[in-house]
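Chemist:
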Amino acid sequence: MSKIFALLVGINKYAAVTPLHGCVEDIRAIEALLRERVPNESLEMRVLHDAQATRTAIIDGFRSHLARAVDSDFALFYFCGHGSQEECPPEWLRLEPGGKNQTIVPVDARTGSIFDLADKELNALLHEVAAQGARIVTIFDSCHSGGVTRDMDSDDTGDGAGVARMTAARSGRRRSLDDYLEATRALYTAERVAEFGPPEVRHVAIAACQPFETAKEFPRHPPPRRGAFSLSFEESLRSLGPAATYADVVSAVRTKVRDRAADQLPNLFVYGGATGGEVFLGGYAGRRGLTVDADAAGRWWLSAGAIDGLPPTGAGNVTEVTIHERGAGETTGSESPPLARGFVDLVDSDRARLAIRSARGTLRPDRQYVGTISRLGVPAPLRIRLDCGIPLELAERVRSALGCREEHFALTDREGDVPIMSLARAGNRVQLMRGNRPIPDLSFDVDAMGIDELARACEHLGRWHGTRDRTAIGSSLNNQVQLELVPALPGETIVPDDREPHPENPTGVVALRYDSGVAPRVQFRIRNRSSARLYVALLDLTNTFGSFRLFADWIPGLGTAFVQGGKVFRLRIPAWPDANAPESTDDLKLFAAVSEFDAERWTLQELVGPDATRGTARVVVDDDDEPVTPAATWGTTRLHVEVKRAP
Numbered sequence: 265m266s267k268i269f270a271l272l273v274g275i276n277k278y279a280a281v282t283p284l285h286g287c288v289e290d291i292r293a294i295e296a297l298l299r300e301r302v303p304n305e306s307l308e309m310r311v312l313h314d315a316q317a318t319r320t321a322i323i324d325g326f327r328s329h330l331a332r333a334v335d336s337d338f339a340l341f342y343f344c345g346h347g348s349q350e351e352c353p354p355e356w357l358r359l360e361p362g363g364k365n366q367t368i369v370p371v372d373a374r375t376g377s378i379f380d381l382a383d384k385e386l387n388a389l390l391h392e393v394a395a396q397g398a399r400i401v402t403i404f405d406s407c408h409s410g411g412v413t414r415d416m417d418s419d420d421t422g423d424g425a426g427v428a429r430m431t432a433a434r435s436g437r438r439r440s441l442d443d444y445l446e447a448t449r450a451l452y453t454a455e456r457v458a459e460f461g462p463p464e465v466r467h468v469a470i471a472a473c474q475p476f477e478t479a480k481e482f483p484r485h486p487p488p489r490r491g492a493f494s495l496s497f498e499e500s501l502r503s504l505g506p507a508a509t510y511a512d513v514v515s516a517v518r519t520k521v522r523d524r525a526a527d528q529l530p531n532l533f534v535y536g537g538a539t540g541g542e543v544f545l546g547g548y549a550g551r552r553g554l555t556v557d558a559d560a561a562g563r564w565w566l567s568a569g570a571i572d573g574l575p576p577t578g579a580g581n582v583t584e585v586t587i588h589e590r591g592a593g594e595t596t597g598s599e600s601p602p603l604a605r606g607f608v609d610l611v612d613s614d615r616a617r618l619a620i621r622s623a624r625g626t627l628r629p630d631r632q633y634v635g636t637i638s639r640l641g642v643p644a645p646l647r648i649r650l651d652c653g654i655p656l657e658l659a660e661r662v663r664s665a666l667g668c669r670e671e672h673f674a675l676t677d678r679e680g681d682v683p684i685m686s687l688a689r690a691g692n693r694v695q696l697m698r699g700n701r702p703i704p705d706l707s708f709d710v711d712a713m714g715i716d717e718l719a720r721a722c723e724h725l726g727r728w729h730g731t732r733d734r735t736a737i738g739s740s741l742n743n744q745v746q747l748e749l750v751p752a753l754p755g756e757t758i759v760p761d762d763r764e765p766h767p768e769n770p771t772g773v774v775a776l777r778y779d780s781g782v783a784p785r786v787q788f789r790i791r792n793r794s795s796a797r798l799y800v801a802l803l804d805l806t807n808t809f810g811s812f813r814l815f816a817d818w819i820p821g822l823g824t825a826f827v828q829g830g831k832v833f834r835l836r837i838p839a840w841p842d843a844n845a846p847e848s849t850d851d852l853k854l855f856a857a858v859s860e861f862d863a864e865r866w867t868l869q870e871l872v873g874p875d876a877t878r879g880t881a882r883v884v885v886d887d888d889d890e891p892v893t894p895a896a897t898w899g900t901t902r903l904h905v906e907v908k909r910a911p
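This is the structure:
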């Protein structure tokens, strides 16, 4: 039986910085929730309050407690207290676009020669915890922006309501590499980062706010004071039920935090192959649909917005959403009737407000529901035509199966339409075509199972095309973030910062060639040309209909970031479907927004290729994977990369 090893840290009474008021109460509430939900024999908990939460004790909590978790166990670190930043050593500047490490502040930090715990030290500790295969979750109810700590709402006039900014360590000495844990220095050597990228351990991280925001405390009547995030987190877990995923939890928490605190948006981060679709602290289940939540005013919100392809309201755009009970149909395997239907009446960059028009019962505002877009108010990104050679009876079965999944594509049989793809009869199978050429690996049996596989493939293709072609029409942020492919010389692992990137040709394509049979090597550099701080995601959209996230993080105004800390990648011609193919292409797509968004929902495994799951048909691969042979709130940039063999 798997166990949960939890290290819970809450600090109010700091030795050298401004005290807080709600952190210990937050941790007591999370401790009570875990004891209530997890059987005693499955829970191993260590709790540190105030004076117990020294830098040494927190480090020991990782090494002697969380590190006991083995394969199938969970290791949970939950921290409530001050967060801060510190100047990054020069050796690590490529890893930090803003030039600063994020830190958490132990109770004895800034006394004598005791430093904060930096993010890179925490990462090294997580590597130690992961050594035996534990599944790791970290949750931070602290601010990690500009040295500002958990803030108090301005309407609080009680004693101790003020918050001081973090100051430098008492000695005033800037931290050098020697001041970090030895395990951290070994993990973050320049050579290791250049060869393998920033060290990532597989885990899910939840943060109370975005990097430039404050995590807030607020007074309650009666006391005690609580953190806006932790209280919302506790309430969300109690209402969601056991099947909720990490993404579901964060979506629900966001709705509640928005009602309690201004300028605070909780974040979900996944690293090392983890996904937000995993069930919170147990098992794995794919995320089923979007979420629908109510805010404090009783308004219902869908967890998708303009950046996800929802059109603005008006001008005849009508987007309809069906709302289901979470888990409905999972036990019987059949789709249950929707609880309600709603129509989008307001679209933000990352969410959309729903007007509920019909319901079989009353939707409860303390519950979270699953939402499915049943009608999108814009033309579908992909059109599919049924060839006239398909027998009428088969065509009707195909049309019926595909018609249930038409959120991302549209069926057509009119001669005037110019389809992107078509369906043709190929013996006893149905074949997807692009132009007059069959798409390899996309032919299907005509029985019920085969037609269902066809419908899922069409949905996948529609999602891929929608992501590739999506743009914010008229947005001033379009093309404000630029992607540069910087050449790496043979044998070079560290690319100079001032090297010029590969140029684009007049058609906007970066054309690269093999050199003596060796694939080109590049570093990905991302420049924010705007003066605004932007959240940026970079996707690699492959010609095998996969979508892979290469980068997702904040970049300061006029700042520069490097994918995986400046790691070098190879751009190669895959061996599939033709080992002797003269060229291959990928589209690299940048999304940028003034608020954080969920780029994970746009990732897709490859639809075609060897088993369509191994990633072997991607152009962008690790350097060591080379085989022998609303307007102004978001915007996009697209770069087409073409790799050719030498003539």
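Add 264 to the 1-based position in the sequence shown for our numbering, that's all there is to it.
Note that the Cβ used here is the ideal one computed from N, Cα and C, for glycine as well.
Since this is a predicted model, take the numbers as computed values, not measurements.
Can you pull the DSSP bridge partners for glutamine 828?
Modeler: Glutamine 828 is not bridged to any residue.
Chemist: Across the segment 492 to 509 and the segment 621 to 632, are there enough close Cβ pairs to call them in contact, namely three or more that are closer than 8 Å?
Modeler: Output reads yes: the segment 621 to 632 touches the segment 492 to 509.
Chemist: With DSSP collapsed to three states, give me the class of threonine 539.
Modeler: In this structure, threonine 539 counts as coil in the three-state DSSP scheme.
Chemist: Measure from the alpha carbon of histidine 672 to the alpha carbon of each residue in Asp523, Pro655, Leu640, Leu386, then state which is nearest.
Modeler: For the residues Asp523, Pro655, Leu640, Leu386, the minimum Cα distance to histidine 672 belongs to Leu640.
Chemist: State yes or no: is the C-beta of isoleucine 209 within less than 8 Å of the C-beta of isoleucine 403?
Modeler: A question about residue 209 goes unanswered here, because the residues of the chain that appear run from 265 up to 911.
Chemist: Among Ala516, Pro283, Cys407, whose alpha-carbon lies nearest the alpha-carbon of glutamate 499?
Modeler: Closest by alpha carbon: Ala516.
Chemist: Given alanine 458, which residues of its chain have a CB within under 6 Å of its CB, disregarding the five upstream and five downstream residues?
Modeler: Hits under 6 Å: Thr757, Ile758.
Chemist: Exposed or buried, what is methionine 416 when buried is set at 16 or more other beta-carbons lying within 10 Å of its beta-carbon?
Modeler: Low local confidence applies: a pLDDT of 42 at methionine 416 is under 50, so the model's placement there is unreliable, with the coordinate-based value given in what follows. By the 10 Å Cβ count, methionine 416 comes out buried.
Chemist: Under a Cβ-count criterion, where at least 16 other Cβ atoms within 10 Å of its own Cβ denotes burial, should glycine 773 be classed as buried or exposed?
Modeler: Position check: residue 773 holds valine in this sequence, whereas glycine was assumed. By the neighbour-count rule (16 or more Cβ atoms within 10 Å), valine 773 is not buried but exposed.
Chemist: May I have the straight-line CA-CA distance separating glycine 325 from glutamate 289, to the nearest angstrom?
Modeler: The straight-line gap from Cα to Cα measures roughly 20 Å.
Chemist: What separation, rounded to the nearest whole angstrom, lies between the Cα atoms of glutamate 305 and leucine 802?
Modeler: Their backbone Cα atoms lie some 43 Å apart in a straight line.
Chemist: Skipping 5 residues on each side, what residues in its chain have a beta carbon closer than 6 Å to that of lysine 277?
Modeler: Contacts found: Pro283, Asp314.
Chemist: Tell me which residue opens and which closes the beta strand (DSSP E) that leucine 741 is part of.
Modeler: From DSSP, leucine 741 is part of no beta strand (DSSP E); its letter is neither H nor E.
Chemist: Output needed for aspartate 875: all residues of its chain with C-beta closer than 8 Å, excluding positions within five of it in sequence on either side, in chain order.
Modeler: Per-residue confidence for aspartate 875 stands at a pLDDT of 38, beneath the threshold of 50, marking its modelled position as unreliable; no derived number is given.
Chemist: Cα-Cα, which of His729, Asn387, Val302, Ser622 is closest to aspartate 572?
Modeler: The option with the nearest alpha carbon to aspartate 572 is His729.
Chemist: Pick helix, strand or coil for histidine 285, following the three-state DSSP scheme.
Modeler: In this structure, histidine 285 counts as coil in the three-state DSSP scheme.
Chemist: Output yes or no for whether 8 Å exceeds the beta carbon distance between glutamate 870 and glycine 810.
Modeler: Going by C-beta atoms, glutamate 870 is nearer than 8 Å to glycine 810.
Chemist: In its own chain, which residues sit with a C-beta less than 6 Å from the C-beta of glutamate 612, not counting the 5 before and 5 after it?
Modeler: Contrary to the premise, residue 612 reads as aspartate rather than glutamate in this sequence. Closer than 6 Å at Cβ, skipping near neighbours: Gly569.
Chemist: Suppose the cutoff is 7 Å on Cβ atoms and the five residues either side in sequence are ignored; what does the same chain contact list for valine 858 look like?
Modeler: For valine 858, where only same-chain residues beyond five positions count, the Cβ hits under 7 Å are Ala796, Leu798, Thr897.
Chemist: Hey, valine 800 and aspartate 779 are a contact pair by Cβ (cut 8 Å); roughly how many whole angstroms apart?
Modeler: Between aspartate 779 and valine 800 the Cβ distance is about 31 Å, and since that is not below 8 Å, they are no contact.
Chemist: Does the segment 388 to 397 come close enough to the segment 843 to 861 to have 3 or more Cβ pairs within less than 8 Å?
Modeler: Contact fails: fewer than three Cβ-Cβ distances are below 8 Å.
Chemist: Are the segment 526 to 539 and the segment 467 to 481 in contact at 8 Å, needing three or more beta carbon pairs?
Modeler: They touch, by the three-pair rule.
Chemist: Across which residues does DSSP place leucine 340 in a beta bridge pair?
Modeler: Per DSSP, Ala270, Val401.
Chemist: Exposed or buried, isoleucine 837, counting other C-beta atoms within 10 Å across all chains shown (16 or more means buried)?
Modeler: It counts as buried.
Chemist: At what residue ranges does the segment 709 to 769 contain a whole run of the alpha helix (DSSP H), taking only runs of 4 or more?
Modeler: Those alpha helix (DSSP H) runs which fall completely within the segment 709 to 769 and span 4+ residues are 712 to 733.
Chemist: I'd like the list of long-range same chain contacts for alanine 644, defined as Cβ closer than 6 Å, with 5 residues on each side in sequence excluded.
Modeler: Cβ neighbours of alanine 644 beyond the five flanking positions: Phe673, Ala674.
Chemist: According to DSSP, leucine 312 sits in a beta bridge with which residue or residues?
Modeler: Note: leucine 312 sits in a beta bridge opposite Val273.
Chemist: Quick check: the Cα distance between leucine 747 and phenylalanine 788, rounded to an integer number of angstroms?
Modeler: Straight-line Cα distance between these residues: approximately 7 Å.
Chemist: How close, in whole Å, do the beta carbons of leucine 271 and histidine 346 come, if the pair is a contact with beta carbons under 8 Å?
Modeler: Actually they are not in contact, since the Cβ atoms of leucine 271 and histidine 346 sit about 17 Å apart, beyond 8 Å.
Chemist: Give the straight-line distance between the Cα atoms of phenylalanine 833 and alanine 825, rounded to the nearest whole angstrom.
Modeler: Roughly 16 Å between the two C-alpha positions.
Chemist: According to DSSP, simplified to helix, strand and coil, what is alanine 616?
Modeler: Looking at alanine 616 - three-state DSSP - the assignment turns out to be strand.
Chemist: If you compare alpha carbons, which of Asp523, Ala511, Ala561, Gly546 is closest to asparagine 531?
Modeler: The shortest Cα separation from asparagine 531 among Asp523, Ala511, Ala561, Gly546 belongs to Ala511.
Chemist: Can you give me the Cβ contacts of alanine 280 inside the same chain, cut-off strictly under 6 Å, excluding the 5 residues immediately before and after it?
Modeler: Taken in chain order, the residues that qualify are Arg374, Thr375.
Chemist: Candidates Pro370, Val585, Phe338: which alpha carbon is nearest alanine 394's?
Modeler: Checked all of Pro370, Val585, Phe338; the closest Cα to alanine 394 is Phe338.
Chemist: Tryptophan 564 bridges to which residues according to DSSP?
Modeler: Bridge partners of tryptophan 564: Ala558, Leu618.
Chemist: Near glutamate 355, which residues of its chain fall below 7 Å by C-beta distance, leaving aside the five closest residues on each side in sequence?
Modeler: The residues are Leu441, Ala454.
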